[in-house]
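**Q** Starting off with a structure, shown below.
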Amino acid sequence: MMETQSKVVEEAVSTGGKVVEIKHLKKSFNDRVVLKDVNLDLHDRENLAVLGRSGSGKSVLIKCMVGLLKADAGEIQVLGYNVTSLSAEKLNELRLQVGFSFQGSALYDSMTVRQNLEFPLKRNLGIYDCAQLEELVIKALKDVGLEHTIDQRPDELSGGMKKRIGIARTLILKPKIMLYDEPTSGLDPQTSEEINELILQVRERYNTASIIITHDVSCARQVSDRVIALIEGESKLEGTFEELRVTNDTNLKHFFNY
Amino acid sequence: MFSGIKFLIRRPNSLMTLTKTLIDVSYIYRFIIEFFKKAFSPPYEGREILNQCFSIGNKSLFLVTFTSFLAGIVFTKQSQPSLASFGAESWLPSLVSQAVVRSLGPLITGLICAGKLGSNMGAELGSMKVTEQIDAMEVSGTRPFSYLVVTRVVASTLMLPILVIYSDGVALFGSFLMVNSFSDSGFQLYINEVSTSIALIDIFSSLVKAALFGFAIGTISCYSGYNSSNGTIGVGKAANTAVVVSMTFIFIIDLIMLQFLNLIR
Numbered sequence: 001m002m003e004t005q006s007k008v009v010e011e012a013v014s015t016g017g018k019v020v021e022i023k024h025l026k027k028s029f030n031d032r033v034v035l036k037d038v039n040l041d042l043h044d045r046e047n048l049a050v051l052g053r054s055g056s057g058k059s060v061l062i063k064c065m066v067g068l069l070k071a072d073a074g075e076i077q078v079l080g081y082n083v084t085s086l087s088a089e090k091l092n093e094l095r096l097q098v099g100f101s102f103q104g105s106a107l108y109d110s111m112t113v114r115q116n117l118e119f120p121l122k123r124n125l126g127i128y129d130c131a132q133l134e135e136l137v138i139k140a141l142k143d144v145g146l147e148h149t150i151d152q153r154p155d156e157l158s159g160g161m162k163k164r165i166g167i168a169r170t171l172i173l174k175p176k177i178m179l180y181d182e183p184t185s186g187l188d189p190q191t192s193e194e195i196n197e198l199i200l201q202v203r204e205r206y207n208t209a210s211i212i213i214t215h216d217v218s219c220a221r222q223v224s225d226r227v228i229a230l231i232e233g234e235s236k237l238e239g240t241f242e243e244l245r246v247t248n249d250t251n252l253k254h255f256f257n258y
Numbered sequence: 001m002f003s004g005i006k007f008l009i010r011r012p013n014s015l016m017t018l019t020k021t022l023i024d025v026s027y028i029y030r031f032i033i034e035f036f037k038k039a040f041s042p043p044y045e046g047r048e049i050l051n052q053c054f055s056i057g058n059k060s061l062f063l064v065t066f067t068s069f070l071a072g073i074v075f076t077k078q079s080q081p082s083l084a085s086f087g088a089e090s091w092l093p094s095l096v097s098q099a100v101v102r103s104l105g106p107l108i109t110g111l112i113c114a115g116k117l118g119s120n121m122g123a124e125l126g127s128m129k130v131t132e133q134i135d136a137m138e139v140s141g142t143r144p145f146s147y148l149v150v151t152r153v154v155a156s157t158l159m160l161p162i163l164v165i166y167s168d169g170v171a172l173f174g175s176f177l178m179v180n181s182f183s184d185s186g187f188q189l190y191i192n193e194v195s196t197s198i199a200l201i202d203i204f205s206s207l208v209k210a211a212l213f214g215f216a217i218g219t220i221s222c223y224s225g226y227n228s229s230n231g232t233i234g235v236g237k238a239a240n241t242a243v244v245v246s247m248t249f250i251f252i253i254d255l256i257m258l259q260f261l262n263l264i265r
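In order, the protein sequence lines correspond to chains A and B. Per the working numbering, the first sequence starts with residue 1, numbered consecutively. Per the working numbering, the second sequence starts with residue 1, numbered consecutively.
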């Protein structure tokens, strides 16, 4: 396992600090073209926000990156792995290094918070020692500020808490890349602010590079080093938040003015 | 054959339904292949299979007990007058035991489990699918197919024969109470009658049939739940499909097994 990990890191470094590289990605569902031509790079320890309207294919993009959806055409390199041609075993190896925070948190509702966090540890790392499990779970929960919820069930938690626990569950495997799917959707401004703060803290504590899929302009402004605008299935504009804010592109102007 | 094709071409809806059914059959076939691949390759899910076995037994025990007991009583009460009119009342334990072991026990257990477990598995996996819980397992590399599907299908295949043995016992006990009320015959005599009228092949075929019922219920229910879509409507549809298709398959398997056993008997 360790050998594989170091190989992956070497490969990532050999691609010039780029941990993700996507070229000419296309994806359609039946007759509906969702992604026409998406190109993006993500560098080590960088926070990249992908901004776009609902239905513009943002979530499809990150699902293609972890092999949840199969791309129709194009190239996806993640940590040196070519996702489009990976075997099931290699794909699993890659997924262990990529954390995915779902829009609806996707906590396992038949389990408590503790069991949710223990689940990947037991199944991926084969850790069954109670003391070690407890230590890792508490640490991950402390990092998201929710250690007191350890024995609660997901239906007893608020939306913001669920998002944090979802993030803690992915962090427990110490991923190299975090993918956030609409981290602030459905949350009040104050909780959104807390989640944005958490995204920044995650990078500091875990040295992760992140892609943040969002239509929340304030989230993009607060957490991103760079922003890519996804318009009608194409990655059209790229730059810092301030650069994009003053652009003359009509689609994006509407977005920022809203 | 050609008239059948013409019939389908003239009715596009029938053609679409047929196409959809054939596509579904091909997907179920792939699903079953995937099941066997995952079931026989490590890591094995022993602990979760045991959990599922316990859950299946626990969920169905009361209903199986209740329905089997009533079935034993009703079948005996209905058969008694017919046998009495031929002066063959003493054959009642033999008749009931053969009916229970060969057909009634597996069928009742199969149908109860199709309703109880089928809806449960279909709805549970369906809601996990639409709330992205299965995707979350997939992206964290935790092999959801092995954990959710293989364990349930193996557990239902293992538990149905056990439940059938239990159901046979309960139905025969119910039947004994009825026989006892007609003729005051003792328990020992009843058991002797039952054991001489049941052949080993009856028990064996009944258990094989039960295992096939369990496999069908597990596979169909997991398939419909695991592949559900369209939010809450999809979850309801998955549960409904799981029950209806499982029940239909129980009768089909029963018929095929009957034909097969008639050939070898």
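Yeah, the Cβ is synthetic: ideal placement off N, Cα and C, and Gly gets one too.
Could you spell out the range, first to last residue, of the beta strand (DSSP E) harbouring Y180 (chain A)?
**A** It spans I177 to D181 - the beta strand (DSSP E) in which Y180 (chain A) sits, taken as one unbroken run.
**Q** Between which two residues does the alpha helix (DSSP H) harbouring D135 (chain B) extend?
**A** Unbroken alpha helix (DSSP H) run through D135 (chain B): Q133 to V139.
**Q** What does V159 (chain A) touch in chain B if you count any residue whose Cβ is under 8 Å from its own?
**A** According to the sequence shown, residue 159 (chain A) is Gly rather than Val. Chain B residues near G159 (chain A): none, gap ~13 Å exceeds 8 Å.
**Q** Under 8 Å by Cβ, that's how I've got F187 (chain B) and G72 (chain B) pegged, so tell me the actual separation to the nearest angstrom.
**A** Not confirmed; about 14 Å, so no contact.
**Q** Three Cβ pairs or more, each shorter than 8 Å: is that satisfied between the stretch 168-186 of chain A and the stretch 208-218 of chain A?
**A** The answer is yes - the stretch 208-218 of chain A touches the stretch 168-186 of chain A, with three or more Cβ pairs under 8 Å.
**Q** Does the separation of the CB atoms of N116 (chain A) and R169 (chain A) fall below 7 Å?
**A** A contact, by the Cβ cut-off of 7 Å.
**Q** Hey, which unbroken runs of the alpha helix (DSSP H) at 4 residues or more fall wholly within the stretch 115-144 of chain A?
**A** Correct list: 130-143.
**Q** Where does N262 (chain B) fall in DSSP's three states?
**A** Looking at N262 (chain B) - three-state DSSP - the assignment turns out to be helix.
**Q** Pick helix, strand or coil for I56 (chain B), following the three-state DSSP scheme.
**A** In this structure, I56 (chain B) counts as helix in the three-state DSSP scheme.
**Q** Got a sec: is the Cβ-Cβ distance from R95 (chain A) to anything in chain B below 7 Å?
**A** R95 (chain A) counts as touching chain B.
**Q** Starting from the Cα of I244 (chain B), find the closest Cα among B:Y226, B:I233, B:G231 and B:I217 and give me that residue.
**A** Looking at the sequence itself, residue 244 (chain B) is Val, so the reference to Ile does not match. Among B:Y226, B:I233, B:G231 and B:I217, the Cα nearest to that of V244 (chain B) is on B:I217.
**Q** Just checking: is the beta-carbon of A136 (chain B) within a distance shorter than 7 Å of some beta-carbon in chain A?
**A** Closer than 7 Å to some Cβ of chain A, the Cβ of A136 (chain B) qualifies, so yes.
**Q** Counting only Cβ pairs nearer than 8 Å, list the residues of chain B close to V50 (chain A).
**A** Within chain B, no residue comes near V50 (chain A); the closest Cβ sits about 17 Å away, beyond 8 Å.
**Q** If you compare alpha carbons, which of B:T232, B:E48 and B:L212 is closest to V130 (chain B)?
**A** V130 (chain B) has its Cα closest to that of B:T232, out of B:T232, B:E48 and B:L212.
**Q** Going by C-alpha to C-alpha distance, which of B:N120, B:S82, B:V170 and B:S197 sits closest to Y223 (chain B)?
**A** Taking only the C-alpha atoms, the option nearest Y223 (chain B) is B:N120.
**Q** What would DSSP say about L61 (chain B), mapped onto helix, strand or coil?
**A** L61 (chain B) falls in the helix class under three-state DSSP.
**Q** On the three-state DSSP scale, how would you describe V227 (chain A)?
**A** Strand at V227 (chain A).
**Q** Just to confirm the assignment, what range does the beta strand (DSSP E) spanning N39 (chain A) have?
**A** Segment R32 to H43, the beta strand (DSSP E) holding N39 (chain A).
**Q** Report the neighbours of V150 (chain B) on chain A: residues whose CB is nearer than 8 Å to its CB, in chain order.
**A** Residues of chain A passing the Cβ test: none, with the nearest at roughly 13 Å.
**Q** Taking the alpha-carbon positions, what's the L95 (chain B) to L200 (chain B) distance?
**A** Rounded to whole angstroms, L95 (chain B) to L200 (chain B) spans 16 Å at the Cα level.
**Q** Can the beta-carbon of D41 (chain A) be found less than 7 Å from the beta-carbon of G17 (chain A)?
**A** Against a cut-off of 7 Å, the Cβ pair of G17 (chain A) and D41 (chain A) comes out as no contact.
**Q** So does the stretch 234-250 of chain B actually touch the stretch 205-221 of chain B, counting three or more Cβ pairs closer than 8 Å?
**A** Yes, they touch.
**Q** Run the CB neighbour count on I195 (chain A), radius 10 Å, all protein chains shown included, and call it buried at 16 or more, exposed below.
**A** Buried is the call here.
**Q** Is it true that the stretch 120-135 of chain A meets the stretch 66-75 of chain A, where meeting means three or more beta-carbon pairs spaced less than 8 Å apart?
**A** At 8 Å Cβ cutoff, the stretches do not touch.
**Q** Between N352 (chain B) and G110 (chain B), what straight-line distance do the alpha-carbon atoms span, to the nearest angstrom?
**A** There is simply no residue 352 (chain B) to check, as chain B begins at 1 and stops at 265 in what is shown.
**Q** According to DSSP, is Q78 (chain B) helix, strand or coil?
**A** It is helical.
**Q** Among the residues of its own chain, which have a CB less than 6 Å from the CB of S146 (chain B), if the five just before and after it don't count?
**A** Within the same chain, S146 (chain B) has close Cβ partners K38 and E45.
**Q** So the candidates are A:H148, A:R221 and A:K36; which of them puts its Cα closest to the Cα of S192 (chain A)?
**A** S192 (chain A) has its Cα closest to that of A:R221, out of A:H148, A:R221 and A:K36.
**Q** Would you say the stretch 55-70 of chain A touches the stretch 91-98 of chain A, given that touching needs at least three Cβ pairs under 8 Å?
**A** These segments touch.
**Q** Given 8 Å as the limit, is there contact between the stretch 194-211 of chain B and the stretch 154-165 of chain B, that is, 3 or more CB pairs closer than that?
**A** Taking 8 Å as the limit for Cβ pairs, the verdict is that the stretch 154-165 of chain B does touch the stretch 194-211 of chain B.
**Q** Kindly indicate if chain A contains any beta-carbon less than 7 Å away from that of V139 (chain B).
**A** Answer yes: the Cβ-Cβ gap between V139 (chain B) and chain A drops below 7 Å somewhere.
**Q** Check whether chain B comes within 7 Å of L121 (chain A), counting only Cβ atoms and requiring the distance to be less than that.
**A** It does not: the Cβ of L121 (chain A) has no partner Cβ on chain B nearer than 7 Å.
**Q** Let me check understanding here. Comparing Cα to Cα, which of A:R32, A:L48 and A:S28 lies closest to V20 (chain A)?
**A** It is A:L48 whose Cα lies nearest to the Cα of V20 (chain A).
**Q** Work out the CA separation of V60 (chain A) and V33 (chain A) for me, nearest whole Å.
**A** Distance between the alpha carbons of V33 (chain A) and V60 (chain A): 11 Å.
**Q** Name the two residues that bound the continuous alpha helix (DSSP H) containing I199 (chain A).
**A** Counting along the chain, the alpha helix (DSSP H) containing I199 (chain A) begins and ends at P189 to Y206.
**Q** Are the beta-carbon atoms belonging to T247 (chain A) and C219 (chain A) less than 7 Å from one another?
**A** No.
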